[in-house]
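Residue numbers (the working numbering): 1 to 470.
Built from N, CA and C at the ideal position, the CB exists for glycine as well.
Source: prediction; values computed, not measured.
Printed below as a string of structure tokens:
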């Protein structure tokens, strides 16, 4: 029995205690050691001129490449094959001479990407799924993790959010048993000052209890998947529910924030949502300022925009902070539209007009509940190359899977179990194994494709009834 299964069988009080203990563990990892110093350094870099900032970035790239060639088997061999030397890479522009790295390459040759001197670093194992539903595990140094969270908190502090602020989190964590039909559909992490709301119980019947809990808690900061925040905001608008207060901040992540979701969230909660683009691999980071512009955090990673077609570019990134598992020119599998303009806020960094990645549809259960991002199901599925959810009717889910060479029956059993824990046993689940998955014209894989009328994210705009709130 897994830890998650044990957790889901505990009484609610012990589940809250478990969330708090896990929150305490994460607090120590993310904000211990040198975090404060790294946050101060990150904020001090905002005073750099554009020339100084780009030189800082390029200098880190040069040092990182030298480390890769000296200590990482994959890059040592790759540079030898190319007849190149570390000195050939003087900055971001020179990285284009290196081949683009795919997630599949890292999955299939994972040991080759681990630094020879990894024993010298304190490391944690990190996992991610990304938009393709394929799991990836890698080592990340404590220093790199602290730097990542320092950059994320720098962005939050732009908007006035301080460490220790209570946050209502709407994400994909499995917090509440799938069969539970009555509130509470939330759990509390007291150490991290977080109230976690279940993403898997947002039925039309349950939305009122979510809104009532938010009203009684009066938490100033809402954070999570925009599809979930939009559902609750649309309920407030459609029913005229009196929330009793106005959250001060709303931040989103993990999904693309659509313009219509911005409208419904802002109208429902009275605060405009701001978005952040980042990933566990730490190869790129984009933060929205108070003026609504999306800034590339040039001091955090070497971010390239490789144009696929006019106006649209793939995000290719180099994570120059993680010495344990270096990634040079890693394909983040997301699409952006670049602006080529400056922002009136005065902050440095290239501006992105929009992020056209992580765009997903809802999955509709028989109960009418609409689930947004389901990537957590695939987080540890490292033997799955890609996955896609296709839905033609409520309560019926077809999962297309591209298997890795080590995929076996236990992986399938585990996948079914992960699904059932989140969508409930009354959902009809079909697994179909394919050689490849269909992609959009922009080369992007849609994680969820819904054929249910008025259920696509673009049409729903967060309304639980499929109606766009005016």
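Rounded C-alpha distance that separates residue i from residue j
{"i": "residue 231", "j": "residue 223", "result": "14 Å"}
{"i": "residue 177", "j": "residue 57", "result": "46 Å"}
{"i": "residue 421", "j": "residue 74", "result": "38 Å"}
{"i": "residue 69", "j": "residue 108", "result": "20 Å"}
{"i": "residue 442", "j": "residue 309", "result": "Low local confidence applies: a pLDDT of 47 at residue 442 is under 50, so the model's placement there is unreliable, with the coordinate-based value given in what follows. One C-alpha to the other measures close to 8 Å."}
{"i": "residue 60", "j": "residue 434", "result": "41 Å"}
{"i": "residue 356", "j": "residue 446", "result": "11 Å"}
{"i": "residue 180", "j": "residue 427", "result": "15 Å"}
{"i": "residue 3", "j": "residue 9", "result": "10 Å"}
{"i": "residue 13", "j": "residue 19", "result": "10 Å"}
{"i": "residue 411", "j": "residue 261", "result": "35 Å"}
{"i": "residue 5", "j": "residue 93", "result": "48 Å"}
{"i": "residue 11", "j": "residue 407", "result": "35 Å"}
{"i": "residue 251", "j": "residue 170", "result": "10 Å"}
{"i": "residue 91", "j": "residue 110", "result": "26 Å"}
For residue i, the three-state DSSP class (helix, strand or coil)
{"i": "residue 393", "result": "strand"}
{"i": "residue 403", "result": "strand"}
{"i": "residue 186", "result": "strand"}
{"i": "residue 146", "result": "helix"}
{"i": "residue 166", "result": "coil"}
{"i": "residue 138", "result": "strand"}
{"i": "residue 480", "result": "Summary: the structure shown does not reach residue 480, with the chain confined to residues 1 through 470, and so no result is reported for it."}
{"i": "residue 281", "result": "coil"}
{"i": "residue 219", "result": "coil"}
{"i": "residue 100", "result": "coil"}
{"i": "residue 370", "result": "strand"}
{"i": "residue 303", "result": "strand"}
{"i": "residue 196", "result": "strand"}
{"i": "residue 345", "result": "coil"}
{"i": "residue 3", "result": "helix"}
{"i": "residue 294", "result": "strand"}
{"i": "residue 287", "result": "strand"}
{"i": "residue 238", "result": "helix"}
{"i": "residue 421", "result": "helix"}
{"i": "residue 233", "result": "helix"}
{"i": "residue 87", "result": "helix"}
{"i": "residue 42", "result": "helix"}
{"i": "residue 210", "result": "helix"}
{"i": "residue 460", "result": "Its pLDDT being 45, under 50, residue 460 is placed unreliably in this model, and the value from its coordinates should be taken loosely. Three-state DSSP puts residue 460 in a helix."}
{"i": "residue 37", "result": "helix"}
{"i": "residue 181", "result": "coil"}
{"i": "residue 13", "result": "helix"}
{"i": "residue 23", "result": "helix"}
Under 9 Å between C-beta atoms of residue i and residue j
{"i": "residue 397", "j": "residue 388", "result": "no"}
{"i": "residue 314", "j": "residue 301", "result": "no"}
{"i": "residue 334", "j": "residue 277", "result": "yes"}
{"i": "residue 71", "j": "residue 117", "result": "yes"}
{"i": "residue 140", "j": "residue 119", "result": "no"}
{"i": "residue 274", "j": "residue 201", "result": "no"}
{"i": "residue 353", "j": "residue 337", "result": "yes"}
{"i": "residue 290", "j": "residue 268", "result": "no"}
{"i": "residue 148", "j": "residue 285", "result": "yes"}
{"i": "residue 394", "j": "residue 364", "result": "yes"}
{"i": "residue 403", "j": "residue 383", "result": "yes"}
{"i": "residue 349", "j": "residue 295", "result": "yes"}
{"i": "residue 221", "j": "residue 152", "result": "no"}
{"i": "residue 227", "j": "residue 370", "result": "yes"}
{"i": "residue 150", "j": "residue 25", "result": "no"}
{"i": "residue 341", "j": "residue 304", "result": "no"}
{"i": "residue 307", "j": "residue 155", "result": "no"}
{"i": "residue 88", "j": "residue 80", "result": "no"}
{"i": "residue 144", "j": "residue 319", "result": "yes"}
{"i": "residue 298", "j": "residue 82", "result": "no"}
{"i": "residue 187", "j": "residue 196", "result": "yes"}
{"i": "residue 172", "j": "residue 254", "result": "yes"}
Any non-hydrogen atom of the ligand GDP closer than 8 Å to residue i Cβ
{"i": "residue 14", "result": "Among the ligands in the structure shown, none appear at all, so the ligand GDP cannot be discussed."}
Residues bridged to residue i (per DSSP)
{"i": "residue 471", "result": "Residue 471 is absent from the model: the chain starts at 1 and stops at 470."}
{"i": "residue 224", "result": "170, 252"}
{"i": "residue 123", "result": "141"}
{"i": "residue 383", "result": "The partner list for residue 383 (beta bridge, DSSP) is empty, contrary to what the question assumes."}
{"i": "residue 330", "result": "101, 317"}
{"i": "residue 266", "result": "Note: residue 266 sits in no beta bridge, so no partner."}
{"i": "residue 363", "result": "371"}
{"i": "residue 161", "result": "None; residue 161 has no bridge partner."}
{"i": "residue 354", "result": "337"}
{"i": "residue 448", "result": "389"}
{"i": "residue 203", "result": "Answer is none; residue 203 lacks a bridge partner."}
{"i": "residue 438", "result": "Its beta-bridge partners do not exist; DSSP assigns none."}
{"i": "residue 128", "result": "136"}
{"i": "residue 309", "result": "312"}
Residue-chain proximity (residue i, chain D), Cβ-Cβ < 9 Å
{"i": "residue 172", "result": "As a matter of chain content, chain D is missing from the structure shown, which is built from one protein chain."}
Unbroken alpha helix (DSSP H) runs of length 4 or more, entirely within the region 44–77: which are they?
Inside the region 44–77, DSSP marks whole alpha helix (DSSP H) runs of 4 or more residues at positions 50–71, from first to last along the chain.
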